[in-house]
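Enquirer: Residue numbers (full-length UniProt numbering): 1 to 120. Glycine included, each C-beta is placed from N, C-alpha and C at the ideal position.
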């Protein structure tokens with residue numbers, strides 16, 4: 001999730017991710033490979049000699065961003081210092097307060113009863 005967060009704010013290169021996350025290169029390589037395999041990120045060559053690649057969010061990766069916002073908020077009952085991250089509107093500087101809405105009813109998720117159907 002943190003790699004996707006960093007990609008969403010414009011980090012694209014291995015060294016940028018490594019500096020931001022402070023993890024071992026081998027672990028970062030594995031995580032980037034998984035995110036690429038799952039098609040949340042795509043690799044693109046930006047330098048031929050020596051070969052260097054950058055990682056960009058795919059459409060599926062961008063579709064995952066609301067999950068990041070929601071997990072970063074953790075709900076109003078969690079103290080501000082315990083939140084995973086704060087997301088700010090780039091133009092206004094105000095906190096983004098994500099709310100999940102059911103597109104078919106316009107109801108906030110968690111405010112109406114629901115059922116879960118097992119896959120067939």
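With a 10 Å radius around its C-beta and 16 neighbouring C-beta atoms as the bar for buried, classify residue 57 as buried or exposed.
Expert: Result: buried.
Enquirer: What is the DSSP secondary structure of residue 6, counted as helix, strand or coil?
Expert: Of the three classes helix, strand and coil, the one that applies to residue 6 here is helix, per DSSP.
Enquirer: Let me confirm a value: residue 7 is counted as buried when at least 16 other C-beta atoms fall within 10 Å, else exposed. Which label applies?
Expert: Classification of residue 7: buried, given that the 10 Å Cβ count is 16 or more.
Enquirer: Okay, do the segment 33-40 and the segment 58-69 touch, 3+ Cβ pairs below 8 Å being the bar?
Expert: Yes: the two stretches touch, three or more of their Cβ pairs being nearer than 8 Å.
Enquirer: For the alpha helix (DSSP H) containing residue 30, list its first residue and its last residue.
Expert: Counting along the chain, the alpha helix (DSSP H) containing residue 30 begins and ends at 25-37.
Enquirer: Is residue 120 helix, strand or coil by DSSP?
Expert: Coil at residue 120, not helix or strand.
Enquirer: Count the other CB atoms, across all protein chains shown, that sit within 10 Å of the CB of residue 101; report buried if there are 16 or more and exposed otherwise.
Expert: Classification of residue 101: exposed, given that the 10 Å Cβ count is below 16.
Enquirer: From residue 24 to residue 71, what does the alpha carbon distance come to, in whole angstroms?
Expert: Going from the Cα of residue 24 to the Cα of residue 71 covers about 24 Å.
Enquirer: To the nearest whole angstrom, what separates the beta carbons of residue 53 and residue 65, a pair I think is in contact under 8 Å?
Expert: At roughly 22 Å, the Cβ-Cβ gap does not stay under 8 Å, so residue 53 and residue 65 are not in contact.
Enquirer: Grab the span of the alpha helix (DSSP H) containing residue 56 for me, first residue to last.
Expert: It is not in any alpha helix (DSSP H) - residue 56 instead sits in the beta strand (DSSP E) that spans 52-57.
Enquirer: Would you kindly work out how many angstroms separate the C-alpha atoms of residue 4 and residue 112, rounded to a whole number?
Expert: Distance between the alpha carbons of residue 4 and residue 112: 30 Å.
Enquirer: Straight-line CA distance for residue 90 to residue 10?
Expert: When rounded, the distance between both Cα atoms is 13 Å.
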